[in-house]
Amino acid sequence: MPLSSLSQSIMNWRLLVFGTVWLLVLVEDAFVNGKRNAKTATFFRAPRAHRRRTRDTWTGQSGFTVCKSALSQKDRALLLSHTHETGFHGDDGSSFTLTWVGDGTGVILVLSTLSAPSDSFYEGGSSRLYRSQDYGKSFHDISQAINNTFIKKDFGISAGPGNPQQVILTANLPFTETTGGLIFTSMDAGVTFRSVKLPFHPAQAIQFHYQDPKYLVVISIDDELWLSQNFGKRWSHVHEGVHTFTWGSGITLFFSSSPKGTVEAARRGELILRRTQDLGKTFTTIAKNIFSFGYIGGFLFTSVMEKLGSPRIIYVSSDQGDNFNKAQLPSATTEQFYSVLDGDEDMIFMHVDNPGEDTYFGTIYTSDDRGILYSKSLERHLFGGDGKSDFTNVTSLRGVYLTNILEEDGRIRSVISFDRGGQWRFLKKPENVDCPEISKKCNLHIHGEHSHFSGITPMLPLSEPTATGLVIAHGGVGDSISATRPDVYVSGDGGYTWWGTLRGPHHYSILDSGGLIVAVEAHRDRQISSMKFSTDEGQCWNIFNFTDHPIFLAGLASEPGTKTMNISIFGYRPDDDDQPMWVAVTIDFEHLLTRECGDQDYVNWLAHSEYGSDSETDGCVLGYKETFRRLKKLSACRNGRGYVVSRQQRPCPCTKEDYMCDYGFYRHENTSECLPQSDFLNHTLEMCLHGELEDLRTTGYRKIPADKCEGGFSPSRREGAGKKHCEDLSPSPSSSPQRSKGILALIVVCTCVGIIGLVIAAALIITSRKINCRQRLPEYRFSALQLQEDDLCVTNESSPSSKLHSFQNQDDSDDDLIE
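As structure tokens, then:
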């Protein structure tokens, strides 16, 4: 089949780029030096008319060259014919929530909500419910299916995990006028709804079981835990005074409760951790006097004060709470906290805050496969006082993690690990980016959850398991992260090398398993009408004007999983009465990239390989090599919904890189040698396991969990040389509760779950309010923006791969933890 005009355009550009002198178009720079004033700063002026197949070249603080290729008239007409715009009339102050239902169903539910002003005598508001079954190309008002009931804005829509088509709508009813709440349930992706009266008022979103959606759990406004075993038809009371809960393995349910029936006990460490394995018929108390708990990767963690006035420590169980062992970690005082950054059944990443108030940094430790022994992985890890961390799991390539550190001089710098925290290094400068003249060191630095400077970065780093090696992120080049406006960078090899790709902040999304990237400029002060897309991992971008009537952009929305070829652009424009009209513009690329990819469009790629190296260990990470079959950058074709990531694995001989430093040891800078920590010199290493004190005899190395190397380097290591009785954590510890001041030492855990297992999302502080981590919902929220005020706040509530974006200011701060 001959190449389309789009494919031919890309081929021509790639052939000319190395031998043609391009006409350079200087574009005015609108960088703002120093930290931006969020209410007065603007991004940059309206762009000049795009020229066909030109490069936009700019210099300055971080100049780089970007290719922009205009569409042919034929391709533009084709895209326009498959661009669909829908308007939703709203009012000033209205909000807009979009939720995908199922996977591959094409069903989207949109909730438009208008709440009464806070100073109004009228309590309540109104809402409209819309449904699309063609990936957002058309919407129909289905408000009558729920009797035009006012649905909650904050957690009004909940969709079942994975492929099920279950949906729950929670009505917004006055607490003082009714004895219970009202929900609407649907088993057919919103075609029909059934109303259910509740014997309680929900205080949060109703939570689905991660594997069986018929099991539902929620906490009521009076701190009671309620359970349904038949998808909401009937509800049973489980327990009172509940603070937080989470599902464990199977139908095991963990929850913390107050012995006095008040969640204020969390501030004093008086919570009781209980477990039910028969859906609320019987209970087992598995720990007392805890401050917080979390369940992640099969590990159950508790934060406990063992003795009166002592620092808090972590206990961990790998058998659903039957037995606990003390985690070999530094203790945390009242000014510190613990945070489980990420984890699975093999290993846990734990942040321990540095001693002292408001230090904004700590140390990352990595565990063994039991979650008990921890080794120091990264010092001076940035963790803000706002409870946000820049720690990111790059899901498009195994073993890759990205985060930021706080240098002693106050600079924030980005580091990356390709071996699950064994070693960290600075990111390489992109080849097409110039270093600022004032920089003594020149590296790429990435904006994360904490370091995005009050919302100037509209999106966090993005990667997807189906888009092998692809990473998109905002950042800048220099000796540290800059407060100036960030740009967009792309890596096609999991973070080893980067490419400066788009100038200024953007919203971006990955489609067609990485074969297509779309992006839209993010502006607070003006409307937009064009979007950009790339079929070569961001090296060249095509520009498409999707509407003749510009909108103020709220964000992008696409079906979870990157299989889709549809992208929806959401925003609003003032109508004739200066009231916002919400707009959804859906663009279908299936009719532009019509050719299905064939064998000639793919190439075998050795991950983690140093280009040009032919060594035996080239590409060896975590003990094996991994070769992927991935799309060539020059191939303008479609992977399709049936695309499956293909890989081959080969074991490698063991080296020191396959080992992390053992408990009590640290890796010397710029070497692979593990040396004893100064505070462990001449000390016997002991640990308490199952009530027995065991000696640890080691040369300083232990194998990285899940490492598959064979033969080669094999250091000696032995546990259990001598045994004697030690005190273990029992279900009824004798320690007394302690009142304390300052921020409590908390386990920070988010246990978001997917259909095939536990999936870890971005860590969220578990505060003294009832906050239970949401499931992985394909949900987007948008709020009407004030044109004269900068109130756009973009917060990713889960892992970047979860595609959950909120455009509402969040109140999840640590303020309520301070006495």
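Our numbering applies: residue 107 is where the sequence shown begins, and numbers increase by one.
Glycine residues also receive a C-beta, built at the ideal position from the N, C-alpha and C atoms.
- In terms of Cβ geometry, Ser-178 and Phe-202 do not form a close pair [threshold 7 angstroms].
- Residues of the same chain with a CB within less than 7 angstroms of the CB of Ala-309, apart from the 5 flanking positions on each side, are Ile-325, Ser-326, Ile-327, Lys-876 in chain order.
- Runs of the alpha helix (DSSP H) spanning 4 or more residues and lying entirely within the stretch 446-502 do not occur at all.
- Residue environment for Arg-531: exposed (fewer than 16 other C-beta atoms within 10 angstroms of its C-beta).
- Judged by DSSP in its simplified three-state form, Arg-182 adopts helix.
- Non-local beta-carbon contacts of Met-671 in its own chain, meaning distances under 8 angstroms to residues more than five positions away in sequence, involve Leu-617, Asp-618, Leu-622, Asp-694, Phe-695, Glu-696, Leu-699, Arg-744 in chain order.
- The shortest C-alpha to C-alpha distance from Asn-549 to any of Tyr-595, Ile-289, Lys-669 is the one to Tyr-595.
- Going by C-alpha positions, Trp-647 is about 5 angstroms away from Ser-640.
- Assigned with DSSP and collapsed to three states, Ala-812 falls in coil, not helix or strand.
- About 5 angstroms separates the beta carbons of Asn-510 and Ile-518, which is inside the 8 angstroms limit, making them a contact pair.
- With respect to Ala-660, Pro-564 sits apart: the two C-beta atoms are not nearer than 7 angstroms.
- Counting C-beta pairs closer than 8 angstroms gives three or more between the stretch 254-266 and the stretch 204-218, which meets the contact rule.
- The criterion of a C-beta distance shorter than 7 angstroms is not satisfied by Gly-286 and Phe-256.
- Pro-757 counts as exposed, since fewer than 16 other C-beta atoms from the protein chains shown sit within 10 angstroms of its C-beta.
- For Gly-231, the enclosing beta strand (DSSP E) has its first and last residue at 231-238.
- When secondary structure is reduced to three states using DSSP, Asp-705 falls in the helix class.
- Taking the Cα of Asp-707 as reference, the smallest distance to any Cα among Ser-473, His-188, Leu-740 is reached at Leu-740.
- Val-323 has its alpha-carbon roughly 35 angstroms from the corresponding atom of His-487.
- Its chain contains Thr-192, Tyr-236, Ser-238 as the residues whose beta carbon lies nearer than 6 angstroms to that of Phe-245, once the 5 sequence neighbours on both sides are disregarded; these appear in chain order.
- Annotation for Asp-813: Leu-728, Gly-729, Asp-764 place their beta carbon closer than 6 angstroms to its own, counting only its chain and skipping 5 residues before and after.
- Scanning its chain for C-beta atoms nearer than 6 angstroms, with the 5 sequence neighbours on each side dropped, one finds around Val-506 the residues Val-500, Phe-524, Gly-600, Gly-601, in chain order.
- In this structure Gly-427 is buried. Its beta-carbon is surrounded by 16 or more other beta-carbon atoms within 10 angstroms.
- The stretch 660-700 contains, as complete beta strand (DSSP E) runs of 3+ residues, the segments 672-680, 686-694 (chain order).
- Rounded to the nearest whole angstrom, the CA to CA distance from Gly-584 to Tyr-471 is 28 angstroms.
- DSSP places Asp-318 in the coil class of the three-state scheme, outside both helix and strand.
- Excluding sequence positions up to five before and after Cys-815, its CB lies within less than 6 angstroms of the CB of Gly-729, Cys-758, Cys-760, Asp-764, all in the same chain and listed in chain order.
- Annotation for Tyr-595: the continuous beta strand (DSSP E) segment containing it runs 593-597.
- Thr-469 is a Cβ neighbour of Lys-482, given a cutoff of 7 angstroms.
- For Lys-638, DSSP records a beta bridge to Ala-625, Ile-649.
- CA-CA distance, Phe-351 to Ser-364, rounds to 13 angstroms.
- Residue nearest to Arg-591 within the set Trp-604, Thr-572, Val-577, His-553 is His-553 (criterion: CA-CA distance).
- For the pair Gly-606 and Glu-643, the CB atoms are not nearer than the 7 angstroms cut-off.
- Close CB contacts of Ser-586 within its chain, under the 8 angstroms cut and outside five residues either way in sequence, are with Glu-513, Arg-517, Ile-518, Arg-519, His-551 (chain order).
- Rounded to the nearest angstrom, the gap between the Cα atoms of Gly-806 and Ser-292 is 57 angstroms.
- DSSP places Gly-620 within a helical segment (H, G or I) once states are collapsed to three.
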